[in-house]
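Enquirer: Let me give you the structure first, and then I'll get to my questions.
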Amino acid sequence: MYNIALHFGLESMISMSRQEDMRRNTPDRPQSAGGTPRFLLWLVIGLFLLAIIGGFAGIYVFRNVLRPGQQQRIIDIAPFMSAFVARTDPNATIPTAISPGSGGISPEDLLNAPLVGGTVEPDEEAPDATDEPLEAAMLTLARLTGASIAQAAPDAAPAAQETAAISIPREHRLFGIRHVQQTWNNCGPANITMALSFYSWQEDQEYAASFLKPDREDKNVNPAEMVAFVNEQTNVRAVTRMGGDMDLIKQFIAAEFPVIIETGYAPEGYDWIGHYRTVVGYDDNLQQFYIYDSYLGTGENGAGLAVPYMEFDRDWQAFNRTFIVIYHPDREREVVRILGERADVARSAELALEVAQQEARANPRNQYAWFNMGTSLVKLGRYEEAAAAFDQASQIGLHFRMLWYQFGPYEAYYNVGRYDDVMALVNVNLNNGGTYVEETHYWQGMVYAAQGQTDLARQAFNRALGHNPRFVAAQAALDELTA
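Residues are numbered in the numbering used here as their position in the sequence shown, beginning at 1, plus a constant of 644.
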């Protein structure tokens, strides 16, 4: 048995050895014609490389070619793409003046400057009066002078005394305002739509945006533009003033007038921006206003987001406490009565100047106080003093986005011949998202025109009009070049 097993074992080993030799000596045969496995390998590698190249190209286009609104629509679908958005420095500030010290005016001179002594320039964005007396009376409230106040409301004098005597309840809410959640970069149109809904306005925010910002990337709609929209496109009226205070806002709310304010704003996850908010109520017992926010919503049970008085005023200060009141034409006399002295454009600027001086004395490092001083002085046509105030504000430090919303520094520096400072501000805006702000190109064009560079000026004005064809000042400047 042992020999038989050994025999079969040897035979088996010999057979296996022969089979192994045959495998070694037999050439590999292709599994299919044309070398398909190697072709597939290169195809996969090629597709992989194309995907990588396409990904980098897509990121480049997203980051450098698409406009911010287009980027946001992609981010809404694919949130991870937000990582590829070009970031601005959240701590970037407006540059200090190249040639400071306008007219030898010191900070102390500004703090002690008299309130009177200037002439208010007409608002370039205000609508023109019509031939119809009633319509003209409604529209001219947007820029009333002392004489026109007497015509509009002869029974309102003395306005200041009557305003002080107005008695209001300790709390009041407006009902009937429809909240509007803003679309991309659209807080101005959204808030004016909210306020108009109090008067049964049915159009949506896109209707307002088509008038206010034909270029959806426009970073700013200023109060004068919003007033013009209301006065030209609706059957109600609006007025805007600087230098408001919280008592004034409460008086308007108690009288059933919706109010929009412009504020500095830093929501969680974002750095500082400008933002409109619609005031819908107040409560002296709780020391807070109630607002409808086009970004954050309406608060608990739709009653409005509660904003403590101190926070409300702090955020409002960044925009010189500017406000917009929406009213029915039949109630214009009541609006004038509540405005009191502020019905006069010059007086409202003087009151704002006085508050800014007080706040700068209380805290000389308050950049908004100095900036507001400059804004008020520009409105009064006192450009040398305004330029000095803006110098002081920029030395303390201002967020670069101030130039998206407020243009007093351009106007002040331009009117005192400090063209290098105007162009420095222009460049800050162009390098930080302000290329979509039409006023950036307008003031660039104004400097070019003043320097005799007509072709460059024309190009700048056309860029401004490309962003907003309704920009009256840019069209007027362009027409003057071709006259």
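Just so you know, even glycine gets a beta-carbon here, dropped at the ideal spot from N, CA and C. Here the structure is a predicted model, which means the values were calculated and not measured.
Whole angstroms is fine: what's the gap from ASN1059's alpha carbon to PRO813's?
Expert: Position 415 of the sequence shown, counted from the first residue, corresponds to residue 1059. Position 169 of the sequence shown, counted from the first residue, corresponds to residue 813. Rounded to whole angstroms, ASN1059 to PRO813 spans 46 Å at the Cα level.
Enquirer: Rounding to the nearest angstrom, what Cα-Cα distance links GLN1119 and ALA834 in this structure?
Expert: The sequence position of residue 1119 within the sequence shown is 475, counting from 1. The sequence position of residue 834 within the sequence shown is 190, counting from 1. Cα to Cα, the separation comes out at about 27 Å.
Enquirer: Can you have a look at VAL874 and say buried or exposed, based on whether 16 or more other CB atoms are within 10 angstroms of its CB?
Expert: Walking along the sequence shown from the start, residue 874 turns up at place 230. Answer is buried; the Cβ neighbour count reaches 16.
Enquirer: Could you check if GLU944 is buried or exposed, using at least 16 other CB atoms within 10 Å of its CB as the buried criterion?
Expert: Sequence index remark: in the sequence shown, residue 944 carries index 300 (1-based). By the neighbour-count rule (16 or more Cβ atoms within 10 Å), GLU944 is not buried but exposed.
Enquirer: So, helix, strand or coil for ASP891, using DSSP?
Expert: Working through the sequence shown from its first residue, we reach residue 891 at position 247. Reduced to three states, the DSSP call for ASP891 is helix.
Enquirer: What does a CB cutoff of less than 8 Å around ALA1121 pick up in its chain, not counting 5 residues either side in sequence?
Expert: As a position in the sequence shown, residue 1121 is number 477, starting the count at 1. So the list reads TYR1086, GLY1089, MET1090, ALA1093, ALA1101 and PHE1105, once near-sequence residues are dropped.
Enquirer: Roughly how far, in whole angstroms, is the beta-carbon of VAL824 from the beta-carbon of SER938, given that I think they are within contact range, below 8 Å?
Expert: The residue given as residue 824 occupies position 180 in the sequence shown. The residue given as residue 938 occupies position 294 in the sequence shown. Yes, they are in contact, since the Cβ atoms of VAL824 and SER938 sit about 6 Å apart, within 8 Å.
Enquirer: On the premise that PHE1034 lies in contact with GLY1052, defined as a C-beta separation below 8 Å, what is that separation, rounded to the nearest angstrom?
Expert: Residue mapping note: residue 1052 aligns to position 408 of the sequence shown, counting from 1. Residue mapping note: residue 1034 aligns to position 390 of the sequence shown, counting from 1. Sure, about 7 Å apart at Cβ, within 8 Å.
Enquirer: Can you tell me where the alpha helix (DSSP H) with GLY1018 in it begins and where it stops?
Expert: Numbered from 1 along the sequence shown, position 374 holds the residue referred to as residue 1018. 1011-1023 is the span of the alpha helix (DSSP H), which, as asked, contains GLY1018.
Enquirer: Would you identify the three-state DSSP class for ASP937, choosing helix, strand or coil?
Expert: If you number the sequence shown from 1, residue 937 lands on position 293. DSSP places ASP937 in strand when its eight states are reduced to three.
Enquirer: Using the rule of at least 16 other Cβ atoms within 10 Å of the residue's Cβ for burial, across every protein chain shown, is THR907 buried or exposed?
Expert: Locating residue 907 in the sequence shown gives position 263, counting from the first residue. Buried is the call here.
Enquirer: Going by DSSP, what residue range makes up the alpha helix (DSSP H) through TYR1049?
Expert: Start at 1 with the first residue of the sequence shown, and residue 1049 comes out as number 405. 1046-1049 is the span of the alpha helix (DSSP H), which, as asked, contains TYR1049.
Enquirer: DSSP state of GLU912, grouped into three classes?
Expert: Residue 912 sits at position 268 when you count from the first residue of the sequence shown. Coil.
Enquirer: In this structure, does DSSP put ILE905 in helix, strand or coil?
Expert: In the sequence shown, counting from the first residue as 1, residue 905 sits at position 261. Strand, per DSSP.
Enquirer: Measure the C-alpha to C-alpha separation of VAL1066 and SER811 and round it to an integer number of angstroms.
Expert: The residue you call residue 1066 lines up with position 422 of the sequence shown. The residue you call residue 811 lines up with position 167 of the sequence shown. Spanning the two alpha carbons is a distance of roughly 46 Å.
Enquirer: Tell me the DSSP bridge mates of ARG881?
Expert: Counted from its first residue, the sequence shown places residue 881 at position 237. In DSSP, ARG881 forms a bridge with TYR971.
Enquirer: Per DSSP, what kind of secondary structure is GLY918 in: helix, strand or coil?
Expert: Counting from 1 along the sequence shown, the entry for residue 918 is found at position 274. Reduced to three states, the DSSP call for GLY918 is strand.
Enquirer: Excluding five sequence neighbours on each side, which residues of the same chain lie with their C-beta closer than 7 Å to the C-beta of ASN756?
Expert: Position 112 of the sequence shown, counted from the first residue, corresponds to residue 756. So no residue of the chain qualifies.
Enquirer: Evaluate the contact criterion for the segment 910-919 versus the segment 883-892: three or more CB pairs, one atom per stretch, below 8 Å.
Expert: With the cut-off at 8 Å, the segment 910-919 and the segment 883-892 do not touch.
Enquirer: Counting only the same chain and skipping the five closest in sequence on each side, list residues whose C-beta sits under 8 Å from that of VAL1022.
Expert: Translated into the one-based positions of the sequence shown, residue 1022 becomes position 378. Excluding residues within five positions, the ones whose Cβ falls inside 8 Å are ALA1030, GLY1052, GLU1055 and ALA1056.
Enquirer: Who are the near neighbours of PRO1008 in its chain, counting only those whose CB is closer than 8 Å to its CB and skipping five residues on each side?
Expert: Numbered from 1 along the sequence shown, position 364 holds the residue referred to as residue 1008. For PRO1008, where only same-chain residues beyond five positions count, the Cβ hits under 8 Å are PRO751.
Enquirer: Using C-beta distances below 7 Å, list every residue in its chain close to ASP889, excluding the 5 sequence neighbours before and after it, in chain order.
Expert: For the purposes of this step, residue 889 is identified with residue 245 of the sequence shown, where counting begins at 1. For ASP889, where only same-chain residues beyond five positions count, the Cβ hits under 7 Å are ARG965.
Enquirer: By Cβ distance below 7 Å, which residues in the same chain neighbour TYR1027 in space, the five residues on each side in sequence not counted?
Expert: Residue numbering aside, residue 1027 sits at position 383 when the sequence shown is read from its first letter. ALA1056, ASN1059 and VAL1060, listed in sequence order.
Enquirer: Keeping to the same chain, check which residues put their C-beta closer than 6 Å to that of ILE904; ignore five residues upstream and five downstream.
Expert: Indexing the sequence shown from 1 puts residue 904 at position 260. Only ASN835, ALA839, TYR920, THR922 and ILE968 meet the Cβ criterion.
Enquirer: Measuring CB to CB, does GLY925 end up less than 8 Å from GLY948?
Expert: As a working note, residue 925 is residue 281 in the sequence shown. As a working note, residue 948 is residue 304 in the sequence shown. In this structure, GLY948 lies closer than 8 Å to GLY925 by Cβ.
Enquirer: For GLY820, count neighbouring Cβ atoms within 10 angstroms of its own Cβ and tell me buried if that reaches 16, exposed if not.
Expert: Against the sequence shown, residue 820 aligns to sequence position 176. With fewer than 16 other Cβ atoms within 10 Å, it is exposed.
Enquirer: DSSP three-state call for PRO1128: helix, strand or coil?
Expert: Because residue 1128 is not part of the residues shown, which for the chain are 645 to 1127, the question remains open.
Enquirer: Please state whether DSSP places CYS816 in a helix, a strand or coil.
Expert: Counting from one through the sequence shown, the residue named residue 816 turns up at place 172. A small fix is needed here, since residue 816 is His in this sequence, not Cys. Reduced to three states, the DSSP call for HIS816 is strand.
Enquirer: Run through DSSP, which three-state label would PRO858 get?
Expert: Here the question's residue 858 lines up with position 214 in the sequence shown. Looking at PRO858 - three-state DSSP - the assignment turns out to be coil, as it is neither helix nor strand.
Enquirer: Is HIS1043 helix, strand or coil by DSSP?
Expert: Locating residue 1043 in the sequence shown gives position 399, where the first residue counts as 1. Strand.
Enquirer: Here's the rule: buried if 16 or more other CB atoms are within 10 angstroms of the residue's CB, otherwise exposed. What is ASP753?
Expert: In the sequence shown, counting from the first residue as 1, residue 753 sits at position 109. So ASP753 ends up on the exposed side.
Enquirer: Who are the near neighbours of ASP848 in its chain, counting only those whose CB is closer than 8 Å to its CB and skipping five residues on each side?
Expert: Locating residue 848 in the sequence shown gives position 204, counting from the first residue. Once the five neighbours on either side are set aside, the close Cβ partners of ASP848 are VAL824 and THR837.
Enquirer: Provide the residue span of the alpha helix (DSSP H) that contains PRO751, from first to last.
Expert: The residue labelled residue 751 in the question sits at position 107 within the sequence shown. PRO751 -> alpha helix (DSSP H) spans 751-755.
Enquirer: In angstroms with no decimal places, state the Cα-to-Cα distance between TYR1048 and GLN1002.
Expert: As a working note, residue 1048 is residue 404 in the sequence shown. As a working note, residue 1002 is residue 358 in the sequence shown. Inspection of the sequence shows that residue 1048 is occupied by Trp rather than by Tyr. If you take the alpha carbons of TRP1048 and GLN1002, they lie about 26 Å apart.
Enquirer: Who are the Cβ neighbours of ILE749 in its own chain at under 7 Å, not counting the five residues just before and after it?
Expert: The count along the sequence shown starts at 1 and reaches residue 749 at position 105. Closer than 7 Å at Cβ, skipping near neighbours: GLU1028, GLU1029 and ALA1032.
Enquirer: Tell me where the alpha helix (DSSP H) around VAL989 begins and ends.
Expert: Counted from its first residue, the sequence shown places residue 989 at position 345. Per DSSP, VAL989 belongs to the alpha helix (DSSP H) from 989-1006.
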